[in-house]
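Novice:
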Amino acid sequence: MGSVRPPPGIEELQAWTLQDAAQLRVMRGSLFATVTGQDLVAQFTLGGVADRMVLVATELATNALVTGLPPTTVRLCRCGADFVLDVVDGDLRTLPGSAAVEESGNTPLWLRMAQRFSSEVGWYVTGSGRHVWARFHDDEHQEDR
Numbered sequence: 259m260g261s262v263r264p265p266p267g268i269e270e271l272q273a274w275t276l277q278d279a280a281q282l283r284v285m286r287g288s289l290f291a292t293v294t295g296q297d298l299v300a301q302f303t304l305g306g307v308a309d310r311m312v313l314v315a316t317e318l319a320t321n322a323l324v325t326g327l328p329p330t331t332v333r334l335c336r337c338g339a340d341f342v343l344d345v346v347d348g349d350l351r352t353l354p355g356s357a358a359v360e361e362s363g364n365t366p367l368w369l370r371m372a373q374r375f376s377s378e379v380g381w382y383v384t385g386s387g388r389h390v391w392a393r394f395h396d397d398e399h400q401e402d403r
């Protein structure tokens, strides 16, 4: 995973600003409802894009809350038929991804999960924050692509 921006033309659908881990539960439910139009149930099947997105959003946001600087913002975006999650925190000095792998010699769990459950993962830094993003193909609209 290298420094790369998400695809051009993304449109923000929803954003959640998190100050602490207690707010993750509300973000998960709202993210799921935004993508599916349904309430989040207690059991994940990991069969649908919304389940995978909730899992990855939780991992990326938790990592940002633990290792980054507040606030942490989770953005849900659309890029054509795909969804893009963009998690932003205020740490402009610590690079995610490859830097974390080099430091420990192991790929962190949040990165392994993002790579496994999304179609593309990247990161970049702007003047206002450190972004880690993941792209998901929308299972409901695969035939539209």
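Sequential numbering from 259 applies to the sequence shown in this note's numbering.
We treat Cβ as the ideally placed atom computed from N, Cα and C, and that holds for glycine.
Quick caveat: nothing in here was measured; it's all calculated off a predicted structure.
Whose C-alpha, out of Gly338, Val345, Asp347, is nearest the C-alpha of proline 266?
Specialist: Checking every option, the nearest Cα to that of proline 266 belongs to Gly338.
Novice: Note down the Cα distance separating arginine 310 from threonine 316, rounded to an integer number of angstroms.
Specialist: Taking the straight line joining both Cα atoms gives about 10 Å.
Novice: Counting C-beta neighbours from all protein chains within 10 Å, is the total for glycine 385 16 or more, i.e. buried, or is it exposed?
Specialist: Exposed is the call here.
Novice: Leaving out the 5 sequence neighbours to the left and right, which residues in its chain are closer than 8 Å to valine 383 when beta-carbon positions are compared?
Specialist: For valine 383, where only same-chain residues beyond five positions count, the Cβ hits under 8 Å are Ser261, Leu350, Leu353, His389.
Novice: Identify which residue in Ala319, Ala291, Leu327, Asp297 has its Cα closest to the Cα of glycine 387.
Specialist: If we check each option's Cα against that of glycine 387, Leu327 comes out closest.
Novice: Quick one: is threonine 330 buried, meaning 16 or more other Cβ sit within 10 Å of its Cβ, or exposed?
Specialist: Counting Cβ neighbours within 10 Å, threonine 330 comes out buried, since at least 16 surround it.
Novice: Restricting to Cα atoms, I'd like to know which of Gly295, Pro264, Leu334 is closest to tryptophan 274.
Specialist: The candidate whose alpha carbon is nearest that of tryptophan 274 is Leu334.
Novice: Measuring CA to CA, which of Arg263, Glu270, Gln277 is closest to aspartate 347?
Specialist: Among Arg263, Glu270, Gln277, the Cα nearest to that of aspartate 347 is on Gln277.
Novice: Between His395, Asp344, Arg286, which has its C-alpha nearest leucine 313's C-alpha?
Specialist: Looking at the Cα atoms, Arg286 is the closest of the given residues.
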